[in-house]
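Asks: What the sequence shown shows, in numbering that gives the first Met the number 0, is residues 0 to 387, in sequence order. Here a beta-carbon is modelled for each residue, glycine too, at the ideal position from N, C-alpha and C. All figures in this text were calculated on a predicted structure; none of them were measured in a lab. The following block contains the structure, expressed as structure tokens.
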Amino acid sequence: MIGNFILKHCAKGAEVKSNEVRTKVGNLSSIIGIGINLVLCTSKIAIGTLFGSVSISADGINNLSDAGNSIISLVSFKLSSRPADKEHPFGHARYEYIAAMIVAMSILILGVEMIRSSIDKIINPEPVNFSWLAVGVLIFSILAKGWMYFFNSGVGKAIESTVMQATAADSLSDSVATTVVLISLFISTFFHIQLDGFMGIIVACFIMFTAFNILRETLDNLLGTVPELAFVQHIENKVKSYPGILGIHDLMIHNYGPNRCFASVHAEVASNVDILKSHDLIDNIERDFLNEDNIHLVIHLDPIVIDNPHINELYDFMKQAVYEIDPELQIHDFRAVLGDSHSNMIFDLVMPYSCKLSQSEIQEQINAKLAVRPEKLYTVITFERPFN
């Protein structure tokens, strides 16, 4: 409910994923996180110190770390909203990924320190004094962190923020960890079993597991991963929907941070169409993608012959030959240089990563299929890997 209110308040009719709205939402969400975590930190450290529970104190220190992470998020939204400049022509949106990694590293360091203090508690156990006040603080913390998980997760998805998603994952981990501490408090009190140190280790493991997941996901964003299939299909279908586009290939998508998408693609057009007309079509498509999808799309024009029956027959033959070798193989940029003694077929062949054949094996099988043809045919093949 509060998440929706913040989104509506910050957007006010604007696009939720716009840079301005993302910054406003991120700032407000981070300030809320700072406030809640400072309250939880103060109360838990006080209760843990008063009643001698290292696991409650460790949980409170974790909340202090969370408040620091919210400050990092606040700074990251400010930095990532900066416009492109001479040194950074693609903008500064990847600051959010860096911030998410800093958050993960701080959580990881905290987990290691919590394990160290918990082992010391196991070696030198001290009785934990039960208090309903401590129980109340822990229950409040579980509910607060559970709410923060749904709040940060919802807002993070709405504005596509990696650092908010990382904060949400951390909140869920905290809620589970605090539940473990609460169970430990009851067991230690009513069954007289000193589990405080052991539960502290469990809490630390939850925290470190969350940190590793955040690091892995953020590192994937920095290195570059395969885009979502639905996003790829949207671009492909939209480009091919324009009259005059016969096909596309070599679609490459680059992510320079939230709301900063660049892409390039080769679009096939008929070679007998006026080049100026085709160029105008490409310009219109690129402009539409920028205005409607906020995608900086660059299209390479590939003219193909469609009015030569012999070349068309060779193209169909080669497509079928490649399909018989491996149904996932694809060819594009096909052209033929026809001669009296022989003809050359020039094309690119895309090999999926699932293909078990080598380039030389594919070439041998293609040559074997060409040998049954009555005319002499040679191939000039450029082998490629898919980008999506």
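Residues in the same chain with beta-carbon distance under 6 Å from T177, minus the five sequence neighbours each way, listed in chain order, please.
Replies: Locating residue 177 in the sequence shown gives position 178, where the first residue counts as 1. Within the same chain, T177 has close Cβ partners D58, L137, S140 and I141.
Asks: What residue range does the alpha helix (DSSP H) around A92 cover?
Replies: Along the sequence shown, one-based indexing puts residue 92 at 93. Per DSSP, A92 belongs to no alpha helix (DSSP H) and is neither H nor E.
Asks: For a test of the three-state rule: what should DSSP assign to H263, helix, strand or coil?
Replies: Stepping through the sequence shown from its first residue, residue 263 is reached at position 264. First, the residue type needs correcting, since residue 263 is Ser and not His in the sequence shown. Looking at S263 - three-state DSSP - the assignment turns out to be strand.
Asks: Report, in whole angstroms, the separation of the C-beta atoms of R286 and F89, which I expect to be a contact under 8 Å.
Replies: Counting from 1 along the sequence shown, the entry for residue 286 is found at position 287. Counting from 1 along the sequence shown, the entry for residue 89 is found at position 90. Contact doesn't hold; Cβ gap of about 19 Å is too wide.
Asks: So which of S353, D347, L27 and S116 has the shortest CA-CA distance to L73?
Replies: Residue mapping note: residue 73 aligns to position 74 of the sequence shown, counting from 1. Among S353, D347, L27 and S116, the Cα nearest to that of L73 is on L27.
Asks: Report the residue from T41, H309, F190 and R384 whose alpha carbon sits nearest the alpha carbon of D347.
Replies: By one-based count along the sequence shown, residue 347 stands at place 348. It is R384.
Asks: With respect to the beta strand (DSSP E) encompassing A335, which residues constitute its N-terminal and C-terminal limits?
Replies: Within the sequence shown, the letter at position 336 stands for residue 335. Where A335 is concerned, the enclosing beta strand (DSSP E) stretches over Q329 to V336.
Asks: Using three-state DSSP, classify L184 as helix, strand or coil.
Replies: Numbered from its first residue, the sequence shown carries residue 184 at position 185. The answer is helix: DSSP assigns L184 an H, G or I state.
Asks: Residues in its own chain within less than 7 Å of L107 by CB, not counting five upstream and five downstream?
Replies: Against the sequence shown, residue 107 aligns to sequence position 108. Once the five neighbours on either side are set aside, the close Cβ partners of L107 are M207 and A210.
Asks: Sorted by chain position, which residues of the same chain lie with C-beta nearer than 6 Å to I200's C-beta, five sequence neighbours on each side aside?
Replies: By 1-based counting over the sequence shown, the position of residue 200 is 201. I114 and S117, listed in sequence order.
Asks: Taking only the alpha-carbon atoms, compute the straight-line gap between I60 and E227 and give it to the nearest angstrom.
Replies: Taking the first residue of the sequence shown as position 1, residue 60 is located at position 61. Taking the first residue of the sequence shown as position 1, residue 227 is located at position 228. Whole-angstrom Cα-Cα distance: 38 Å.
Asks: Run through DSSP, which three-state label would I206 get?
Replies: The residue labelled residue 206 in the question sits at position 207 within the sequence shown. The answer is helix: DSSP assigns I206 an H, G or I state.
Asks: Take the Cβ of I101 as the centre, count every other Cβ of all protein chains shown within 10 Å, and call the residue buried at 16 or more, exposed below.
Replies: Counting from one through the sequence shown, the residue named residue 101 turns up at place 102. Buried: at least 16 other Cβ atoms inside 10 Å.
Asks: On a Cα-Cα basis, can you pick out the residue from T217, V162 and V180 that is closest to A203?
Replies: Against the sequence shown, residue 203 aligns to sequence position 204. Minimum Cα distance to A203 is reached at V180.
Asks: Grab the span of the alpha helix (DSSP H) containing V379 for me, first residue to last.
Replies: Translated into the one-based positions of the sequence shown, residue 379 becomes position 380. No alpha helix (DSSP H) contains V379, which is instead part of the beta strand (DSSP E) from L376 to E383.
Asks: In the DSSP assignment, find the unbroken alpha helix (DSSP H) run with S353 in it and report its ends.
Replies: Here residue 353 refers to the residue found at position 354 of the sequence shown. Counting along the chain, S353 falls outside any alpha helix (DSSP H), and DSSP gives it neither H nor E.
Asks: What separation, rounded to the nearest whole angstrom, lies between the Cα atoms of Q319 and H331?
Replies: Numbered from its first residue, the sequence shown carries residue 319 at position 320. Numbered from its first residue, the sequence shown carries residue 331 at position 332. Roughly 13 Å separates the two Cα atoms.
Asks: With 16 as the cutoff for other CB atoms within 10 Å, does K23 come out buried or exposed?
Replies: Indexing the sequence shown from 1 puts residue 23 at position 24. Buried, by the Cβ-count rule.
Asks: In three-state DSSP terms, what is A370?
Replies: Numbered from 1 along the sequence shown, position 371 holds the residue referred to as residue 370. DSSP places A370 in coil when its eight states are reduced to three.
Asks: Indicate whether G223 and S79 have their beta-carbon atoms separated by less than 8 Å.
Replies: Working through the sequence shown from its first residue, we reach residue 223 at position 224. Working through the sequence shown from its first residue, we reach residue 79 at position 80. Against a cut-off of 8 Å, the Cβ pair of S79 and G223 comes out as no contact.
Asks: If you reduce the DSSP assignment to three classes, tell me which class S79 lands in.
Replies: Counting from one through the sequence shown, the residue named residue 79 turns up at place 80. Helix, per DSSP.
Asks: In the DSSP assignment, the beta strand (DSSP E) including H253 goes from what residue to what residue?
Replies: For the purposes of this step, residue 253 is taken as the residue at position 254 of the sequence shown. Start and end: G246 to N254.
Asks: Leaving out five residues on either side along the sequence, give the residues of the same chain with a beta carbon under 6 Å from the beta carbon of H253.
Replies: On the sequence shown, residue 253 is found 254 positions in, with the first residue counted as 1. Around H253: F261.
Asks: Which residue marks the beginning of the beta strand (DSSP E) containing P326, and which one marks its end?
Replies: Position 327 of the sequence shown, counting from 1, holds the residue named residue 326. Premise fails: P326 is in no beta strand (DSSP E) and is neither H nor E.
Asks: Once you ignore the five residues that flank L369 on each side, which residues in its own chain have a CB closer than 6 Å to its CB?
Replies: Position 370 of the sequence shown holds residue 369. Result list for L369: L376, in chain order.
Asks: Answer yes if the stretch 267 to 286 comes into contact with the stretch 309 to 318, meaning at least three C-beta pairs across the two stretches below 8 Å, and no otherwise.
Replies: Verdict: no, contact absent.
Asks: For L296, report the span of its beta strand (DSSP E) as first-last.
Replies: Position 297 of the sequence shown, counted from the start, is the residue given in the question as residue 296. Start and end: I294 to I303.
Asks: Alpha carbon to alpha carbon, what distance is there between A98 and H205?
Replies: Within the sequence shown, the letter at position 206 stands for residue 205. Within the sequence shown, the letter at position 99 stands for residue 98. The question names His, but residue 205 is Phe in the sequence shown. C-alpha separation (whole angstroms): 21 Å.
Asks: For K237 versus I247, is the C-beta spacing smaller than 8 Å?
Replies: Indexing the sequence shown from 1 puts residue 237 at position 238. Indexing the sequence shown from 1 puts residue 247 at position 248. In this structure, I247 does not lie closer than 8 Å to K237 by Cβ.
Asks: Are the beta-carbon atoms belonging to I213 and A167 less than 8 Å from one another?
Replies: Here residue 213 refers to the residue found at position 214 of the sequence shown. Here residue 167 refers to the residue found at position 168 of the sequence shown. Not in contact: I213 and A167 (Cβ atoms no closer than 8 Å).
Asks: Going by DSSP, what residue range makes up the alpha helix (DSSP H) through L194?
Replies: Your numbering for residue 194 matches position 195 in the sequence shown. Counting along the chain, L194 falls outside any alpha helix (DSSP H), and DSSP gives it neither H nor E.
Asks: Which term fits F76, buried or exposed, when burial requires 16 or more other beta carbons within 10 angstroms of its beta carbon?
Replies: Within the sequence shown, the letter at position 77 stands for residue 76. Buried is the call here.
Asks: Which residues in the same chain have their Cβ closer than 6 Å to the Cβ of S69, if we skip the five residues on either side of it in sequence?
Replies: Counted from its first residue, the sequence shown places residue 69 at position 70. Cβ neighbours of S69 beyond the five flanking positions: S29, G32 and I33.
Asks: Considering Cα atoms alone, identify which of I182, G153, N36 and R334 is closest to M198.
Replies: The residue you call residue 198 lines up with position 199 of the sequence shown. Out of I182, G153, N36 and R334, I182 has the C-alpha closest to the C-alpha of M198.
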